[in-house]
Each structure stands twice: as C-alpha cells, then as structure tokens.
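According to the numbering used here, the residues represented by the sequence shown are 1278 to 1560, in order. Built from N, CA and C at the ideal position, the CB exists for glycine as well. Comments concern the structure below.
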Amino acid sequence: MQIIDGKKVSAQVKEEVKKQTLELKEQYGITPGLAVVIVGDDPASRVYVNNKKKACEFVGFKSEEFSLPAETTQEELLNLVKTLNEKKDINGILVQLPLPEHLDDKAVIEAIDPLKDVDAFHAVNVGKIMLGEYDFMPCTPAGVMEMLHSYNIPVNSKNCVVIGRSNIVGKPMSMLLLHENGTVTICHSRTQNLAEICSKADILVAAVGKPKFVTADMVKEGAVVIDVGMDRDENGKLCGDVDFENVKDKCSYITPVPGGVGPMTVATLMKNTLKAAKIQNNV
Ligand code: GUN
C-alpha cells in the first residue's frame, strides 16, 4: 500500500507555475491576478481562502481578497463581480462557496466572465468540460487526475466508481475519468447496492461529504482509493469520506485527509489563473 502525498504533488505543480509566472513577468511584464471573494464568516471557507491566498503569494501572483459581511445583498455581490470582470489586472475571479442562504449562487457564478472563471463553474466552462475541449480544469477533479498521473496510475479501461454527483466534484470528476477511457459509474444517495458497486472499482473516488462513509467491505483488494471528503469525526477531528485506518491495507494506493486531495485543488487553481492571464493577454 502506498499513500499518495498530495502535498508533495501540489508543491511540484506550484513550482512549475512559479517558474512560468516568472517567465511571463520577464518576457511580457504580466503578473497574473486572482480576486478571491468570501461572504460571511464560515470557518472552513476562511481556511480555504487563506490557503488560496498563500499559494498566490508562493507562485508570484497578485491576490486581492474581498471579504464581505454575511448581510451582503445579491445586488452588491453582482456589482462586485461586474467590477472585477472589467478590471484588467484581475485575470481570475473566485467566489468561495457556499454563499449565505439568501444569496443565489447560480446567478453569481453566471455573472462571472467565463474567461475569468478559474473554478470552471460557469455553464460555458462546464459545457466545454463535457466536450473535452476546455481552457480551465475543474479544480478538485483535475487535482485528482494530476495525482493519478504523478503516481503513474493508469485509468484507461479501469472500472472507476465516483460516489457523489455534485457539480463541483462528482460530475466533472466522472467526465475527466471518462476522457481518459475509464469505465465510469456514478453512485449517489438513491443508488441501490452501493457497497457492491464500489467493491468492483479499480479506482474509487469518494465525494460524499459523510465522515468515514467508505468502509473496508466496499473496497476491492488492490484498489486505488481517492478521498475528496473534508469531514469531522465524532470527536470533531478532521477526517475524510473513507474509513482510512480500516481501508488502507486493502488498497494499492490511498489518499490521506488532510494532505491528499485538498492541496491539489489549490494547485489546479494556480494553473488555471496562470492560463487565464495568458489567454487574456494573447500569450
Ligand atoms: N467550496 C468548496 N470547494 C470550492 C471550490 O473549489 N471553489 C469555490 N469557489 N468554492 C468552493
């Protein structure tokens, strides 16, 4: 069994982005800029946003944070997005989700210029992912693919099972695995015989949002298990969707939480922002 080190792979990706960012500055005088918008004071969102800002600093981007109060109105938020769409020095716009309940996240995402939508959440970018012709990778799923590549884990012809069908992870994850010729099954809360389907997976991706949901009986001997979960266990300790301690010995590869998929999401975001800066400047 080998533990996939997301921190290590993420560091390699960020080093490459840093190198290309320096070249972009030296050759064209361009510094990529990312705007990060956070509404309210969700503690998990705060941690994610801080990690994104830190990564920007490391690779040499300009990052601008817009921290808005929980009472922000839809109109105020849409106005901010509109302003950021028009700013030349901002190449990527990220509105941290979830938004407070009174705000319409769909409308906010659709207001972002697709060329600045570094999360790849806008319908235009989602459509491109379906077609397999995209500028921006969906951050978390692309981070998972990068890990598989980094460890030379083949996807071609493998049975891939994704648990979860969210727009952020489950759906785009399934597409990326499909693009690499995996045979993909998507499981969700209404799936019958979920444990049985999972136990046939060569590559199992858990994106359910339930602590330790994937147990040892659901995992095939020698499977690759990717844990996208960020949950809290009964003692309030950070854990994933996979019962790591009991599952790990059955796997050929497994990602830990923390230190697995999490850091990869941020690395893809850096890649996307660099790409956005290049596209917007015709480089
Ligand atoms: N909330 C959880 N994951 C993400 C993400 O990748 N991007 C944004 N904007 N919000 C999130």
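C-alpha gap between residue 1497 and residue 1417, whole angstroms: Position 220 of the sequence shown, counting from 1, holds the residue named residue 1497. Position 140 of the sequence shown, counting from 1, holds the residue named residue 1417. When rounded, the distance between both Cα atoms is 24 Å.
Checklist entry - Is residue 1445 near ligand 1, going by C-beta to nearest heavy atom under 7 Å? => result Residue 1445 sits at position 168 when you count from the first residue of the sequence shown. The answer is yes for residue 1445.
Can you give me the Cβ contacts of residue 1353 inside the same chain, cut-off strictly under 8 Å, excluding the 5 residues immediately before and after it?
Locating residue 1353 in the sequence shown gives position 76, where the first residue counts as 1. Exclusion of the five residues before and after residue 1353 leaves 1345 as the residues of its chain whose Cβ lies within less than 8 Å of its Cβ.
Quiz prompt | Proximal residues to residue 1297 (C-beta, below 8 Å), its chain only, five neighbours per side dropped | solution = Here residue 1297 corresponds to residue number 20 of the sequence shown, with the count starting at 1. Contacts found: 1551.
Open item on the list: Taking the alpha-carbon of residue 1531 as reference, which of 1403, 1451, 1382 and 1428 has the nearest alpha-carbon?
Closed with: Taking the first residue of the sequence shown as position 1, residue 1531 is located at position 254. A check of alpha carbon separations from residue 1531 across 1403, 1451, 1382 and 1428 identifies 1428 as the nearest.
task: Take every Cβ of the segment 1461-1478, pair it with every Cβ of the segment 1511-1521, and state whether three or more of those distances are shorter than 8 Å.
output: Fewer than three pairs of CB atoms, one per stretch, sit closer than 8 Å, so the segment 1461-1478 makes no contact with the segment 1511-1521.
Discussion item. With a threshold of 7 Å on Cβ separation, who are the neighbours of residue 1406 within its own chain once the five nearest residues in sequence on each side are excluded?
Written reply: Counted from its first residue, the sequence shown places residue 1406 at position 129. So the qualifying residues of the chain are 1397, 1415, 1449 and 1452.
| Say the cut is 7 Å; is the CB of residue 1469 nearer than that to a heavy atom of ligand 1? | The residue labelled residue 1469 in the question sits at position 192 within the sequence shown. False, no ligand heavy atom lies under 7 Å from that Cβ.
Inset, instruction - Go through its chain and collect everything with a Cβ distance to residue 1516's Cβ below 8 Å, but skip five positions before and after it. - result: On the sequence shown, residue 1516 is found 239 positions in, with the first residue counted as 1. For residue 1516, where only same-chain residues beyond five positions count, the Cβ hits under 8 Å are 1488, 1489, 1506, 1508, 1509, 1510 and 1534.
| task | Report yes if the C-beta distance between residue 1438 and residue 1475 is below 8 Å; otherwise report no. | result | Along the sequence shown, read from residue 1 onward, the residue named residue 1438 stands at position 161. Along the sequence shown, read from residue 1 onward, the residue named residue 1475 stands at position 198. Inclusion of residue 1438 and residue 1475 in the CB contact set at 8 Å is warranted, their separation being smaller than that value.
Assess, as a yes-or-no matter, whether the segment 1349-1367 is touched by the segment 1323-1337 under the definition of 3 or more beta carbon pairs within less than 8 Å.
The answer is no - the segment 1349-1367 does not touch the segment 1323-1337, with fewer than three Cβ pairs under 8 Å.
Practice item. Please name the residue or residues paired with residue 1344 in a DSSP beta bridge. Key: Taking the first residue of the sequence shown as position 1, residue 1344 is located at position 67. Looking at the DSSP assignment, residue 1344 forms a beta bridge with 1315.
Run the proximity test for residue 1534: is its beta-carbon closer than 7 Å to any non-hydrogen atom belonging to ligand 1? Here residue 1534 corresponds to residue number 257 of the sequence shown, with the count starting at 1. Of the heavy atoms belonging to ligand 1, none sits nearer than 7 Å to the Cβ of residue 1534.
- Does DSSP classify residue 1307 as helix, strand or coil? Start at 1 with the first residue of the sequence shown, and residue 1307 comes out as number 30. Residue 1307: coil per DSSP, three-state reduction.
**Asked** Which of the three DSSP states, helix, strand or coil, is assigned to residue 1322?
**Response** Translated into the one-based positions of the sequence shown, residue 1322 becomes position 45. In this structure, residue 1322 counts as helix in the three-state DSSP scheme.
Taking DSSP as the reference, what is the three-state secondary structure of residue 1451? Reading the sequence shown from its first residue, position 174 is the one you call residue 1451. The DSSP-derived three-state label of residue 1451 is helix.
Item to complete: Please confirm whether any heavy atom of ligand 1 lies closer than 7 Å to the CB of residue 1345.
Response: Reading the sequence shown from its first residue, position 68 is the one you call residue 1345. No, the beta carbon of residue 1345 sits no closer than 7 Å to any heavy atom of ligand 1.
Q. Got a sec? Which residues, its chain only, sit under 6 Å from residue 1366 by beta carbon, not counting five neighbours each side?
A. In the sequence shown, the residue the question calls residue 1366 occupies position 89. For residue 1366, where only same-chain residues beyond five positions count, the Cβ hits under 6 Å are 1310.
- Say yes only if the C-beta of residue 1372 is nearer than 7 Å to one or more non-hydrogen atoms of ligand 1, and no if none qualify. Position 95 of the sequence shown holds residue 1372. Relative to ligand 1, the nearest heavy atom lies less than 7 Å away from the CB of residue 1372.
Review point. Where are the alpha helix (DSSP H) runs, 4 residues long or more, that stay fully inside the segment 1326-1397, in chain order?
Key: As for any alpha helix (DSSP H) of minimum length 4 sitting wholly inside the segment 1326-1397, the runs are 1351-1363 and 1382-1388, ordered along the chain.
Measuring straight from C-alpha to C-alpha, what distance separates residue 1462 and residue 1436? Start at 1 with the first residue of the sequence shown, and residue 1462 comes out as number 185. Start at 1 with the first residue of the sequence shown, and residue 1436 comes out as number 159. Those two C-alpha atoms are separated by around 8 Å.
query: For residue 1483, which three-state DSSP category applies?
result: Position 206 of the sequence shown, counting from 1, holds the residue named residue 1483. Residue state, collapsed to three classes: strand.
**CA-to-CA distance, residue 1520 to residue 1455, given in whole angstroms** = Along the sequence shown, one-based indexing puts residue 1455 at 178. Along the sequence shown, one-based indexing puts residue 1520 at 243. CA-to-CA, the gap between residue 1455 and residue 1520 works out to about 26 Å.
Item to complete: Assign residue 1401 to one of three DSSP states: helix, strand, or coil.
Response: Stepping through the sequence shown from its first residue, residue 1401 is reached at position 124. Three-state DSSP puts residue 1401 in a helix.
### Query
Hey, residue 1392 and residue 1556: beta-carbon distance below 8 Å or not?
For the purposes of this step, residue 1392 is taken as residue 115 along the sequence shown, with counting starting at 1. For the purposes of this step, residue 1556 is taken as residue 279 along the sequence shown, with counting starting at 1. It is a contact, given that the beta carbons lie within the stated cut-off.
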